[in-house]
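Position one of the sequence shown corresponds to residue 1038 (my numbering), numbered consecutively onward.
What follows is a set of notes on a single structure, which appears directly below.
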Amino acid sequence: MRGQDLLSVTDLDARQLELIIETAIAMKRDGSPALLTGKTVAFLFEKPSLRTRVSFEVGISQLGGRSIYLSPSEIGLGVREPIKDVARVLSGYVDCLIVRTGSQGVLTELADWASVPVVNALSDDEHPCQALADMLTIFEVKGGIRGIKVAYVGDGNNVARSLALACGLAGASITLASPDGYELPATDLEKARRLAGEGGVIEAVDDPRAAVNRADVVYTDVWTSMGQETEAAKRRDAFAGYQVDKSLIALARPDAVVMHDLPAHRGEEISDDVIESSQSVVFLQAENRLHAQKAALALILGDNERQEV
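This is how it looks when you write it as structure tokens:
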């Protein structure tokens, strides 16, 4: 994985995903070797962040590296200067670009022109770093991923897309329940099925109860993502009946866990009593952003001779 971009879950193969999880578990258990000593990582963030920025900054520091945060006003990708110029200038200063942007096209163009790895810290299309933390969390709480049944209830957004692709890659089954007009496109489902091969089953339904029935993991996300605030009222109407509450969770397996990538709109996509219940692993999932991202950066940027963790 050394020197590899991470723009999408599909940039990984099954063995690389497994290696990231193994490395994350080892670092979480044993601590972090200084694999990024002498390395500098630049953050290019066009969207606000809590978990992503803090977990990356802390993780880079724990690995012995340093980071520089560049705000939208400082960079102005494609506005103050062309993306290809930003990519080549920063490639002369830093060892990696971690980018949080609205457009997957911005990420692709940066990666095309940069001579250092580019990591997607969120785009409107995908959130691969979240998916890595999700797979790590499922592995930890369920003792494995292959054969696990995941139910996703909510908007067919970037988080749903990366989750479906990661489930396919890891051999889990996933059923996504979304109202008409908000489902994950068929092309994405087919891509996840190709990754799954003869492994997990990837399917979409419009009934959250059917999706959650006998599930091992129940996952949800906000109904209104960043940039969609003007649609909030319309979306609340469309998603009525899709709240993950106790009555819905009762249809899952007795030992099912509940996941949410945060921030949560309590009382909308998830009830307060569910997110605070003993079945919730939401805050373990948030913590695992740190460990999964550290593992990915160690494998992409770390000294190969020191990657025994």
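The beta-carbon is built from N, C-alpha and C at its ideal position, and this holds for glycine as well.
One or two residues paired with residue i in a DSSP bridge
i: L1043; result: V1156
i: A1241; result: L1213
i: M1296; result: Y1256
i: R1125; result: R1125 pairs with nothing; no bridge assigned.
i: V1136; result: L1081 and N1157
i: S1377; result: Only positions 1038 to 1346 of the chain appear in the structure, and residue 1377 is not among them; the question remains open.
i: A1188; result: T1212 and V1255
i: V1281; result: I1307
i: S1199; result: S1199 is not bridged to any residue.
i: S1317; result: V1295
Neighbourhood of residue i by C-beta distance below 6 Å, restricted to the same chain and skipping five residues each side
i: A1051; result: L1206
i: P1325; result: According to the sequence provided, residue 1325 is Asn. The question's Pro does not apply to it. So the qualifying residues of the chain are A1170, L1173 and T1174.
i: R1272; result: W1260 and T1261
i: V1046; result: P1165, A1168, S1199, L1202 and A1203
i: R1230; result: I1239
i: S1210; result: K1186, G1237 and V1238
i: I1112; result: L1081
i: A1124; result: L1147, W1150 and A1151
Cβ shell of residue i (< 7 Å), same chain only, five flanking positions each side left out
i: E1345; result: Note that E1345 scores a pLDDT of 46, beneath 50, so its modelled location is shaky; the value from the coordinates is reported in the next line. Once the five neighbours on either side are set aside, E1345 has no close Cβ partner at all.
i: T1145; result: L1044
i: R1343; result: Legend: pLDDT at R1343 = 44, less than 50; position of this residue unreliable, no value from coordinates given.
i: G1264; result: G1139
i: L1100; result: S1069, A1071, L1072, L1073, K1331, L1334 and A1335
i: L1327; result: S1092, V1095 and G1096
i: A1252; result: K1186, V1187, A1188, A1289, R1290 and A1293
i: S1086; result: R1137
i: K1065; result: H1328
i: A1000; result: Residue 1000 is absent from the model: the chain starts at 1038 and stops at 1346.
i: D1282; result: S1308 and V1311
i: Q1053; result: M1038
i: D1162; result: Q1141, N1195 and R1198
i: G1339; result: L1072 and L1073
i: K1121; result: E1146 and W1150
8 Å contact criterion, which residue i and residue j should meet: CB distance rounded
i: C1133; j: V1116; result: Actually they do not touch by this definition, with Cβ atoms about 23 Å apart.
i: V1131; j: V1153; result: 7 Å
i: L1336; j: L1056; result: 7 Å
i: V1126; j: A1158; result: About 20 Å; that fails the 8 Å criterion.
i: D1258; j: D1225; result: That pair is no contact at about 15 Å.
Contacts around residue i, its chain only, beta-carbon distance under 8 Å, and the 5 residues preceding and following it disregarded
i: L1285; result: V1190, P1245, R1246, V1249 and V1255
i: F1276; result: G1191, D1192, P1216, Y1219, W1260, E1305 and E1306
i: P1399; result: Because the chain in this structure spans residues 1038 to 1346, residue 1399 falls outside the shown range and cannot be described.
i: P1222; result: G1193
i: F1176; result: I1058, I1062 and I1182
i: D1243; result: A1214, S1215, P1216, D1217 and E1220
Chain C within 7 Å of residue i, Cβ atoms only
i: R1039; result: Absent from the structure: chain C. Only one protein chain is present.
message: Extract the residue ranges of the alpha helix (DSSP H) inside the stretch 1044-1118, only unbroken runs of 4 or more that lie entirely within it.
response: Complete alpha helix (DSSP H) runs here, min 4: 1051-1067, 1088-1099 and 1109-1112.
- request: Determine, using beta-carbon pairs with one atom in the stretch 1069-1079 and one in the stretch 1191-1211, whether at least three such pairs fall under 8 Å.
  value: Taking a contact to require three or more Cβ pairs closer than 8 Å, the stretch 1069-1079 and the stretch 1191-1211 do not qualify as touching.
- request: Would you check if there are 3 or more beta carbon pairs closer than 8 Å linking the stretch 1309-1329 to the stretch 1194-1204?
  value: Too few Cβ pairs lie closer than 8 Å, so no.
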